[in-house]
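If you read the sequence shown in the numbering used here, its first letter stands for residue 626, the second for the next number, and so on.
Right, one structure below, let's go through it.
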Amino acid sequence: MEIIAPKGTKDVLSNNAYKWQYIESEWAKICSEYGFKELRTPVFEATELFSRGVGDTTDIVQKEMYTFNDLGGRSITLKPEGTSPAVRAFIESNQYAQTQPTKYYYNTPCFRYEKPQEGRLREFHQFGIENFGTHSMLADAEVITLGYDFLNRMGIRDIELHISSVGCRKCRPLHRTALQDFLRPKLDCLCDTCKSRFDKNPMRILDCKSKEDQALVKGAPMMLDFLCDDCRNDFEQLKKHLDAVGIKYVVDPTIVRGLDYYTKTAFEFITTLLGAQGTVCGGGRYDHLIEEIGGPDMPGVGFGLGKERLISLMEKSGHDFGGDTDPQIFIAWIGDDAREYSFTLLHELRTAGIRAEMDTRERNLKGQMKYANKLRAAYTVVIGDDEVATGELTLKNMSNSEQTKVRREELTDAI
Ligand code: ATP
Ligand code: MG
């Protein structure tokens, strides 16, 4: 039997792991600068959390969840997204009773049973932030600004911020009626999933991935034209805040986010460099989610950012992911005394924070030098009886073969 990784999953092999480490440390850094604190939640949750939290008319809940019964007969789901678990933890820890807002960030695997393709996996990874407990558009602007700054720091330029408003419980029903009137004559031609959404959540039909349905919904009435005064004012306020920090955006009335409980702000960072999977980061406001999951009536706003898509984009733009991970120095040796001397020196250098390496297979000198080349060591030093006796070492720069004499005590500084 040949065992291979499950379809839609990917190993991060050791020649790529430094890229992940780089974005993860930069992510933690920017979040702390913005005052978000890390939250870690389990990989699996009670299924009901997602049917309530994501919404049972969404693609995620209708077709994409990894759901199973555990041995105790509970229905369990591998988390398809990070917001609902964050809300659950917020409620369960009584954090809602503390001073608000609560600002969380997370870094998590997500699982969705999708058709695997470039930029679309069954196990993928997300960064996300959430701000719970404020209605102010300053929170929405802060969330968007963090996303913008982070993508900018990651060297991504070919990206557009699209923003919209999906309204609130007051104005949505008007749009819904207009949308149903528009869709009713086309209902027979829509896909089965969309037919089932017509009564419960017709706005979701605008987000259908089927080409036929996308053509049918062209020209549909847009939520932006139906906003109540409150939602329109908030949308204007958001734009003002973004203008104040010089963030460029495109108002895009076609954005419909993947969750049912989004209200008001919806946004996506979109690139043309990743083909059809162009959304790197998406988020918005969800003023009823916390209540829906069983907490108090409290608003929230946040986003999710796909790490795989981020990394491909950084690779396309030639990012160096924090630079070199190759050894700074390789120590080669000849003879038993030199071997012990080298092992001690290796330990000293590493203790001083230098990436130092030697051959633990004990090859002969020629083999060791070949290995040093293979590892792309920046410098090499060869230790023999003379070096052991005098402490006088010869440091060789591997890129130009230049040799310099250094005392053992000065080696750390020389590198
Ligand atoms: P899409 O429209 O591409 O399906 P989505 O709206 O389902 O995205 P979200 O639920 O908003 O995505 O998730 C946030 C981010 O996570 C996305 O912008 C994307 O970068 C990433 N993402 C979502 N699904 C996948 C997946 N199956 N594989 C890899 N990355 C994904
Ligand atoms: Mg999706």
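Where is the CB? At the ideal position from N, CA and C, for every residue including glycine.
Remember, predicted model here, so these are calculated numbers, not experimental data.
Discussion item. Applying the 10 Å Cβ sphere with the 16-neighbour rule, what's the burial state of C796?
Written reply: buried
Worksheet item: Does any heavy atom of the ligand FMN sit closer than 7 Å to the C-beta of D838?
Response: By its list of ligands, the structure shown excludes the ligand FMN, since it contains just the ligand ATP and the ligand MG.
Practice prompt. Look up T692 in the DSSP assignment and give the residues it is bridged to.
Written response: T702
Worksheet entry | contact_flag[the stretch 640 to 647, the stretch 929 to 942] where n(CB pairs < 8 Å) is 3 or more | yes
Item to complete: Along the beta strand (DSSP E) that carries N989, what are the first and last residues, could you check?
Response: It is not in any beta strand (DSSP E) - N989 carries neither H nor E in the DSSP assignment.
Worksheet item: Rounded to a whole number of angstroms, what is the C-alpha to C-alpha distance between A764 and V926?
Response: 7 Å
Fill in: Which listed residue (K836, D832, L974) has its alpha carbon closest to that of M847
D832
Worksheet item: Where does A901 land, buried or exposed, given buried means 16+ other C-beta within 10 angstroms?
Response: exposed
Worksheet item: Going by the C-beta, is F749 closer than 7 Å to any heavy atom of the ligand ATP?
Response: yes
Practice prompt. Return yes when the Cβ of E767 is within less than 8 Å of the Cβ of E689, no when it is not.
Written response: no
Discussion item. Ignoring anything shorter than 3 residues, give me the beta strand (DSSP E) runs that lie fully in the stretch 896 to 935, in order along the chain.
Written reply: 904 to 910, 925 to 931
Discussion item. If I measure Cβ to Cβ from L603 and keep anything under 6 Å in the same chain, skipping five residues before and after, which residues do I get?
Written reply: Past the boundaries of the shown model lies residue 603; the chain is included only from 626 to 1040, so the question cannot be answered.
Worksheet item: Is it true that the CB of P924 sits closer than 8 Å to the CB of H750?
Response: no
Fill in: Proximity test, G929 beta-carbon vs the ligand ATP heavy atom, cut-off 7 Å
yes
Worksheet item: Should N1022 be labelled buried (16 or more other beta-carbon atoms within 10 Å of its own) or exposed?
Response: exposed
Worksheet item: Short check: CB of E861 to CB of I880, under 8 Å?
Response: no
Discussion item. Alpha carbons only, please: which of E987, N826, S942 is nearest the one belonging to R964?
Written reply: E987
Practice prompt. Could you tell me which uninterrupted beta strand (DSSP E) segments, each at least 3 residues in length, are contained entirely in the stretch 936 to 992, listed from first to last along the chain?
Written response: 954 to 958, 981 to 983
Worksheet item: Does the beta carbon of G695 fall short of 7 Å from some heavy atom of the ligand MG?
Response: Checking the displayed sequence, the identity of residue 695 turns out to be Asp instead of Gly. No; taking the cut-off as 7 Å, the Cβ of D695 has no heavy atom of the ligand MG nearer than that.
Practice prompt. Could you check what DSSP says for V712 in three-state terms: helix, strand or coil?
Written response: helix
Item to complete: For C906, collect the residues of the same chain with a Cβ closer than 6 Å to its Cβ; drop the 5 residues on either side in sequence, then sort them by chain order.
Response: G772, F894, F928, L930
Worksheet entry | Proximity winner among G680, N998, T692, S967, relative to D1011 (alpha-carbon distances) | S967
Worksheet item: Measuring CA to CA, which of S1024, F715, N989, K991 is closest to A1003?
Response: S1024
Item to complete: Can you grab the Cα-Cα spacing for the pair P921 / P710, in whole Å?
Response: 16 Å
Worksheet item: Quick one: Cα of L899 to Cα of F946, how far?
Response: 19 Å
Worksheet entry | R1001 burial status per 10 Å Cβ neighbour count (16 or more: buried) | exposed
Worksheet item: DSSP beta-bridge partners for V789?
Response: Checking the sequence, you will find Ser at residue 789 rather than Val. Answer is A891, bridged to S789.
Worksheet item: How close, in whole Å, do the beta carbons of Q725 and F757 come, if the pair is a contact with beta carbons under 8 Å?
Response: 7 Å
Worksheet item: Near L1018, what residues of its chain come up, given a Cβ to Cβ distance below 8 Å and the 5 sequence neighbours on each side ignored?
Response: V1006, I1008, E1012, K1030, V1031, R1032, R1033, L1036
Practice prompt. Run the CB neighbour count on Q1028, radius 10 Å, all protein chains shown included, and call it buried at 16 or more, exposed below.
Written response: exposed
Worksheet entry | Start-end ranges of the alpha helix (DSSP H) lying completely within the stretch 800 to 850, minimum 4 residues | 817 to 825, 836 to 841
Worksheet item: Quick check: the stretch 823 to 839 against the stretch 853 to 868, are there 3 or more CB pairs under 8 Å?
Response: no
Discussion item. Considering just the uninterrupted stretch of the alpha helix (DSSP H) at N856, what are its terminal residues?
Written reply: This sequence places Cys at residue 856; Asn is not what is there. Per DSSP, C856 belongs to the alpha helix (DSSP H) from 854 to 869.
Practice prompt. Specify, as a first and last residue, the run of the beta strand (DSSP E) that I685 falls within.
Written response: From DSSP, I685 is part of no beta strand (DSSP E); its letter is neither H nor E.
Discussion item. Would you say the beta carbon of R857 is closer than 7 Å to some non-hydrogen atom of the ligand ATP?
Written reply: no
Item to complete: Out of G707, K995, F736, Y731, state which residue places its alpha-carbon closest to the alpha-carbon of F955.
Response: K995
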